[in-house]
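**Q**
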Amino acid sequence: MANFYQKLNEYYRDLRFKAQSEAAENLARARKNERFKEIDNRLSDIEREQAFAEIANDNKKAEELEKEKQNLNAEADKILKSMHLTRRALSPVYACEKCGDTGFMGSKPCSCYKTALKKIAVGTVGVNLTDTPAVKESELTGENKVKAYRLMQKFADKFPDAKRKNFIFLGTTGTGKTMLAKDVAAKIAKRGYNVLFLSSFELNNIFLEYHSLFDADRNFLMSALIEADLLVIDDLGAEQVYRNVTSHYLLSLLSERELKNLSTFVTSNLSSEEILARYDERIFSRLFDKRLSAVITFSGKDMRLET
Ligand SMILES: [Zn+2]
10 MANFYQKLNE
20 YYRDLRFKAQ
30 SEAAENLARA
40 RKNERFKEID
50 NRLSDIEREQ
60 AFAEIANDNK
70 KAEELEKEKQ
80 NLNAEADKIL
90 KSMHLTRRAL
100 SPVYACEKCG
110 DTGFMGSKPC
120 SCYKTALKKI
130 AVGTVGVNLT
140 DTPAVKESEL
150 TGENKVKAYR
160 LMQKFADKFP
170 DAKRKNFIFL
180 GTTGTGKTML
190 AKDVAAKIAK
200 RGYNVLFLSS
210 FELNNIFLEY
220 HSLFDADRNF
230 LMSALIEADL
240 LVIDDLGAEQ
250 VYRNVTSHYL
260 LSLLSERELK
270 NLSTFVTSNL
280 SSEEILARYD
290 ERIFSRLFDK
300 RLSAVITFSG
310 KDMRLET
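Just remember that the numbering used here sits 9 ahead of the position in the sequence shown, which is counted from 1.
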């Protein structure tokens, strides 16, 4: 992940570029009309002549020019309309009119800044759940797999009202744990909930970014993770553990989400013993707290439920 603020700058620069190039394209298209081009040129001259008239205190001239300008604009509008354009579309239309897609009003962050932060923090990572094809029960083999599938469907339908908020999916690669977690996450997202599906690698990168941010931005970045209705951490254990970063922030993230009574899913190739060995014991006890979590262990074609 490139530097966070650099990405933020690029984000705004791209927005401005888009608005400006669209305006330039529209103007070039309009100026292909000879009469419009004439009017457009004359309007530029009028601007200049108006400035001179003002300096010379020549009110009569200024009024004449204003009248001419209005007539020309009216004619230009008609031409533009016939080309399915508007005068507004000839100047940049910024996504945020307030700051002109700079992110700042003077030295203060604009109201669009938080949205931009969130987009960059979590929008560029994670899985796009809208494209996730639904798992079909008929395609599942093994009694326990069907059982787990049905359990998860029930969870998705009842979400967020379930006694056990958390699911831990354990098992080796290719056993279908991520597929099932993604399927449930997509179903919950489709119901309109804010679902974040991240790999542990991406999550770890966010923790590292978090380390390098200004206080105000940091809180916002973490709040996107803390406040998601459902957070899925995929492939826990695949990331590199930075002792003062990974465990520290993971623990605080899990604790905050527990306090808010929000659901978290974790998938991992590791066994519960390996998770205990790799992370803080407090992380382990949060993940495997029987009152809050159900563990589904996938092995080969089958899976085991510990609920
Ligand atoms: Zn703005």
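Where is the CB? At the ideal position from N, CA and C, for every residue including glycine.
(1) Around ligand 1, what residues have a beta-carbon under 5 Å from a heavy atom of it, in chain order?
(2) Do Asp-86 and Tyr-21 have their C-beta atoms within less than 8 Å of each other?
(3) Leaving out five residues on either side along the sequence, give the residues of the same chain with a beta carbon under 6 Å from the beta carbon of Phe-176.
(4) In the DSSP output, what is Ala-303 paired with across the bridge?
(5) Would you tell me roughly how many angstroms separate the C-alpha atoms of Glu-106 and Ser-232, rounded to the nearest one?
(6) Let me know the secondary structure DSSP gives Asp-244 once reduced to three states.
(7) Judging by CA-CA distance, which residue of Val-193, Gly-183 and Val-250 is the nearest neighbour of Glu-214?
(8) Can you grab the Cα-Cα spacing for the pair Asn-270 / Asp-170, in whole Å?
(9) Between the Cα of Phe-297 and the Cα atoms of Ser-100, Tyr-202 and Glu-282, which residue gives the shortest distance?
(10) For Leu-268, does the count of other Cβ atoms within 10 angstroms reach 16, so buried, or fall short, so exposed?
(11) Do the region 247 to 266 and the region 197 to 217 meet, that is, are 3 or more Cβ pairs less than 8 Å apart?
(12) If contacts are defined as beta-carbon pairs under 8 Å, then Leu-217 and Ala-125 qualify, I think. What distance do you get, rounded to the angstrom?
(13) Rounded to whole angstroms, how far is the Cβ of Lys-90 from the Cβ of Leu-52, which I believe are closer than 8 Å?
(14) Look up Ser-116 in the DSSP assignment and say whether it is helix, strand or coil.
(15) Check whether the region 42 to 60 and the region 140 to 150 touch, using three or more Cβ-Cβ pairs below 8 Å as the test.
(16) Grouping DSSP H, G and I as helix and E and B as strand, with all else coil, what is Phe-206?
(17) Helix, strand or coil: which one does DSSP assign to Ala-11?
(18) For the beta strand (DSSP E) containing Ser-272, name the first residue and the last one.
(19) Touch check for the region 193 to 213 and the region 155 to 173: three-plus C-beta pairs under 8 Å?
(20) With 16 other CB atoms within 10 Å as the buried threshold, where does Gly-201 fall?
(21) Starting from Tyr-158, follow the alpha helix (DSSP H) in both directions and report where the run begins and ends.
(22) Where does Phe-26 land, buried or exposed, given buried means 16+ other C-beta within 10 angstroms?
(23) Quick check: what's the CA-CA separation for Tyr-103 versus His-93?
(24) Could you name the residues of the same chain whose beta carbon sits closer than 8 Å to that of Arg-96, not counting the 5 residues immediately before and after it, in chain order?
**A** Judging by the given coordinates:
(1) Per the Cβ criterion, the list is Cys-105, Lys-107, Cys-108, Cys-119 and Cys-121.
(2) Residue mapping note: residue 86 aligns to position 77 of the sequence shown, counting from 1. Residue mapping note: residue 21 aligns to position 12 of the sequence shown, counting from 1. Taking 8 Å as the Cβ cut-off, Asp-86 and Tyr-21 do not qualify as a contacting pair.
(3) Position 167 of the sequence shown, counting from 1, holds the residue named residue 176. The answer, listed in chain order, is Phe-274 and Ala-303.
(4) If you number the sequence shown from 1, residue 303 lands on position 294. Partner(s): Phe-176.
(5) Translated into the one-based positions of the sequence shown, residue 106 becomes position 97. Translated into the one-based positions of the sequence shown, residue 232 becomes position 223. If I take the Cα positions, the gap works out to 26 Å.
(6) Residue mapping note: residue 244 aligns to position 235 of the sequence shown, counting from 1. Three-state DSSP puts Asp-244 in a strand.
(7) By one-based count along the sequence shown, residue 214 stands at place 205. Sequence check: residue 214 is Asn here, not Glu. Nearest C-alpha to Asn-214: Val-250.
(8) Numbered from its first residue, the sequence shown carries residue 270 at position 261. Numbered from its first residue, the sequence shown carries residue 170 at position 161. Rounded to whole angstroms, Asn-270 to Asp-170 spans 10 Å at the Cα level.
(9) Against the sequence shown, residue 297 aligns to sequence position 288. Of Ser-100, Tyr-202 and Glu-282, the residue nearest in Cα terms is Glu-282.
(10) Position 259 of the sequence shown, counted from the start, is the residue given in the question as residue 268. Leu-268 comes out exposed.
(11) yes
(12) Here residue 217 refers to the residue found at position 208 when the sequence shown is read from its first residue. Here residue 125 refers to the residue found at position 116 when the sequence shown is read from its first residue. 20 Å between Cβ atoms; not a contact.
(13) For this step, residue 90 is matched to residue 81 along the sequence shown. For this step, residue 52 is matched to residue 43 along the sequence shown. No, Lys-90 and Leu-52 are not in contact; Cβ-Cβ is about 17 Å, not under 8 Å.
(14) Counted from its first residue, the sequence shown places residue 116 at position 107. Looking at Ser-116 - three-state DSSP - the assignment turns out to be coil, as it is neither helix nor strand.
(15) Touching, no.
(16) As a working note, residue 206 is residue 197 in the sequence shown. Correct three-state label for Phe-206: strand.
(17) Taking the first residue of the sequence shown as 1, we reach residue 11 at position 2. Confidence at Ala-11 is low in this model, with a pLDDT of 48, below 50, so its placement is unreliable and no value can be given for it.
(18) Counted from its first residue, the sequence shown places residue 272 at position 263. Ser-272 -> beta strand (DSSP E) spans 272 to 277.
(19) yes
(20) Within the sequence shown, the letter at position 192 stands for residue 201. Exposed, because fewer than 16 other Cβ atoms sit within 10 Å of the Cβ of Gly-201.
(21) On the sequence shown, position 149 is the one that residue 158 refers to. Where Tyr-158 is concerned, the enclosing alpha helix (DSSP H) stretches over 152 to 167.
(22) As a first step, residue 26 is located in the sequence shown; it is residue number 17 there, counting from the start. Burial call: exposed.
(23) For the purposes of this step, residue 103 is taken as residue 94 along the sequence shown, with counting starting at 1. For the purposes of this step, residue 93 is taken as residue 84 along the sequence shown, with counting starting at 1. For the pair Tyr-103 and His-93, the Cα-to-Cα distance works out to about 20 Å.
(24) Residue mapping note: residue 96 aligns to position 87 of the sequence shown, counting from 1. Asn-82, Ala-85, Asp-86 and Leu-89.
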